[in-house]
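Undergrad:
Residue numbers (the working numbering), protein chains in the order written: chain A, 1 to 332; chain B, 1001 to 1332.
1. Whose Cβ in chain A lies nearer than 8 Å to the Cβ of residue 1043 of chain B?
2. Tell me which residues share the same chain as residue 1255 of chain B and place their Cβ nearer than 6 Å to its Cβ, disregarding the 5 neighbours each side in the sequence.
3. Would a check of beta-carbon distances place residue 139 of chain A closer than 7 Å to chain B?
4. Among B:1218, B:1056 and B:1222, which one has its Cα closest to the Cα of residue 1156 of chain B?
5. Use the C-beta contact count for residue 1029 of chain B: other C-beta atoms within 10 angstroms, 16 or more gives buried, fewer gives exposed.
6. Measure the CB-CB distance between residue 1092 of chain B and residue 1143 of chain B and report whether it falls below 7 Å.
7. So is residue 1259 of chain B in contact with chain D if we call contact Cβ pairs under 7 Å?
8. Output the distance between the C-alpha atoms of residue 1221 of chain B and residue 240 of chain A, rounded to the nearest integer angstrom.
9. Can you list the residues of chain B that residue 218 of chain A reaches, using a CB-CB cut of under 7 Å?
10. List the residues of chain A whose Cβ lies closer than 8 Å to the Cβ of residue 1033 of chain B, in chain order.
11. Sorry if obvious, but does the Cβ on residue 290 of chain A come closer than 6 Å to a heavy atom of the ligand ZN?
12. Please name the residue or residues paired with residue 299 of chain A in a DSSP beta bridge.
13. Can you give me, in chain order, the residues of the segment 162-178 of chain A that have a beta carbon less than 8 Å from any beta carbon in chain B?
14. In whole angstroms, what separates the C-alpha of residue 1225 of chain B from that of residue 1310 of chain B?
15. Which runs of the beta strand (DSSP E) fall wholly inside the segment 1093-1149 of chain B and span at least 3 residues, in chain order?
16. Is residue 1292 of chain B buried or exposed, if buried means 16 or more other CB atoms sit within 10 Å of its CB?
17. So what's residue 1229 of chain B in DSSP terms, helix, strand or just coil?
18. Is the beta carbon of residue 1101 of chain B closer than 7 Å to that of residue 1138 of chain B?
19. Note down, in chain order, each residue of its chain lying with its Cβ closer than 8 Å to the Cβ of residue 65 of chain A, except the 5 sequence neighbours on either side.
20. Would residue 1199 of chain B and residue 1078 of chain B be called neighbours here (beta carbons separated by less than 7 Å)?
21. Within the same chain, show all residues whose beta-carbon is closer than 6 Å to that of residue 245 of chain A, passing over the 5 residues directly before and after it, in chain order.
22. At what residue ranges does the segment 1165-1190 of chain B contain a whole run of the alpha helix (DSSP H), taking only runs of 4 or more?
23. Counting only C-beta atoms, is residue 221 of chain A closer than 7 Å to chain B at any point?
24. Would you report the Cα separation of residue 1231 of chain B and residue 201 of chain A, rounded to the nearest angstrom?
25. Which residue wins for smallest C-alpha separation from residue 950 of chain B, given the options B:1162, B:1145 and B:1166?
26. Please tell me whether residue 135 of chain A has its Cβ less than 7 Å away from any Cβ of chain B.
27. Near residue 1314 of chain B, what residues of its chain come up, given a Cβ to Cβ distance below 7 Å and the 5 sequence neighbours on each side ignored?
28. Does chain B have any CB closer than 7 Å to the CB of residue 61 of chain A?
29. Would DSSP call residue 333 of chain A helix, strand or coil?
30. Does the beta-carbon of residue 318 of chain A have 16 or more other beta-carbons within 10 angstroms, so that it is buried, or is it exposed?
31. Are there three or more Cβ pairs, one per stretch, closer than 8 Å when the segment 1161-1176 of chain B is compared with the segment 1185-1198 of chain B?
32. Going by DSSP, what residue range makes up the alpha helix (DSSP H) through residue 1203 of chain B?
33. Hey, how far is the Cα of residue 1160 of chain B from the Cα of residue 1203 of chain B?
34. How many Å lie between residue 340 of chain A and residue 208 of chain A at the Cα?
35. Determine the closest residue to residue 168 of chain A out of A:270, A:150, A:97 and A:205, with distance taken between C-alpha atoms.
36. So with CB distances below 9 Å, who are the chain A contacts of residue 1234 of chain B?
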């Protein structure tokens, strides 16, 4: 707005901020032209498809307003890397647009460290973005490369095994602890809060799975039931999973099977950013090998079927009545 | 946040919204895989560089909270198209992430119409994005293609002519009218508010200029002095412009040269989204031809020099003392 357009001398300009916190030599290294022009110029490798995804994180909705800025920088990029992992794509570049209520240099320094520490691990270059004043909002667009064998949600077929990487429920249990719904011991709390604040995108697993003939995949950001549900919907199939086969975070084991909270964290807990994927039964050995290559455990939790819908079978062999729903970004 | 993760039945889910308002056949047409998976898959044409830019628009900062949603949809994409125009790139794809305080279907319908009407004019496909609840925030990442002759900010050289497309100050005068700083007659107000709310990205001009041997360009989003200043900084040169040569919106002519407001709108007014560019004197005829091809007037306003800084020469031939500053996204 025009009335907002007289700069305060004490306030660093947008360009100072970008220069100081978000311009890195690395940004230019893999880009023909990086931060500082109207657009970045990038060279996509011949024969590769460009994979593009955008995620917006809002304070009070996707993270607590007082979240540690280093972890927030990590998570802001991690959730986007996780989308590329679920496509079996190689991350290459990112843009970052952020609205900040104020210029807090310590906050920005820690946030950018968290962002770049993860970016460096995956050789991702920050090539552009935008900074403006406003309610705290973080929007990353991630760019990667893949060949035609990308892991699509619509590739599941009847008879496929359903797999999950790592274990589930830790992030949701950590949030329940933060919100006082449960009190974990120090070790369990630390482990769960690490899952919540520093998710590990399964990029290596996605790349290994993309070498298989046919894999359908999604990352578990909104909860196993909700995200597997998207695969079923896009593939026009149904599924049955066994509760006891779903790998649960160690902190949940003490609570299961009795605790409704624990079961909710396991089946409907968001923020784990593990992969849920479907592959032909005959490729089970290759899936296990892919997990070994990527250094992450993979667990078979069920089977794709022709009957529409998603059924969860309990320990007693009977179908559970599931009320739990995944995180909907428009839920309240 | 976990407490926010129980869906209200009455509330359409994120996926319903994306499906209903932001999924178009066009989205899939030019994309290998469009909206609906973890990432879009795009085929960049061989030999082309990918041009990428992100812009975030925040209510109360970049637009009035009660802005007409159709115009806002137009402007949200237009400001991003303008970045590609300033690179001489061909727009191809966009992602849209939006945080909305509430689900207002009429607002979303009008916003998406404004967005897609402009996208269709430039054959831009919306290939992905994100929707979430939060303070109104609109973040677009625009993707285009260009060859190595992109229009960079750092390409200006001593002796170059400095040019501006169209005319300046109309958008800023419209905002001044909205804010009661001045009262325009109905025709002038309508013309200026169209400039403010429905900026026309100069994509065709950028593409035509990219055919010239060497052009440095930027789009005027923050005001002529501020944006030309970025070219000077990146090119490590200075410049002198003549106030009387700067093309002013017709509604300003009645006010100039007496009005400080009018001069501020002309030199420091944002939101015009015209192009400011520098080219060798010998290419003046080619620049004029490029304007003719693009159907937009181009005006020579000054000359790049070796003396650092930006000087504005007034009608009397004397240097103006310029206090006006461009819009800084961190100004208050």
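Think of the CB as a built atom: it goes at the ideal place given N, C-alpha and C, for glycine as much as any other residue. The model shown is predicted, which means the values in this text are computed figures rather than measured ones.
TA: In short, the structure shows the following:
1. 49 and 50
2. 1262
3. yes
4. B:1218
5. Because the pLDDT at residue 1029 of chain B is just 49, under 50, the model does not fix this residue reliably, and the point stays unresolved.
6. yes
7. Looking for chain D here will not work: the only protein chains present are A and B.
8. 54 Å
9. 1038
10. 150 and 152
11. Because no ligand of any kind appears in the structure shown, any question about the ligand ZN cannot be addressed here.
12. A:164
13. 172, 175 and 176
14. 8 Å
15. 1125-1133 and 1137-1146
16. exposed
17. helix
18. no
19. 59 and 136
20. yes
21. 301
22. 1170-1178
23. no
24. 39 Å
25. For chain B, the structure presents residues 1001 to 1332; residue 950 of chain B sits outside this window and is missing.
26. yes
27. 1243 and 1320
28. yes
29. The structure shown does not extend to residue 333 of chain A, since chain A spans only 1 to 332, so no value can be given for it.
30. exposed
31. yes
32. 1203-1209
33. 22 Å
34. Outside the shown range of chain A, which is 1 to 332, sits residue 340 of chain A, and nothing can be said about it.
35. A:270
36. 36 and 37
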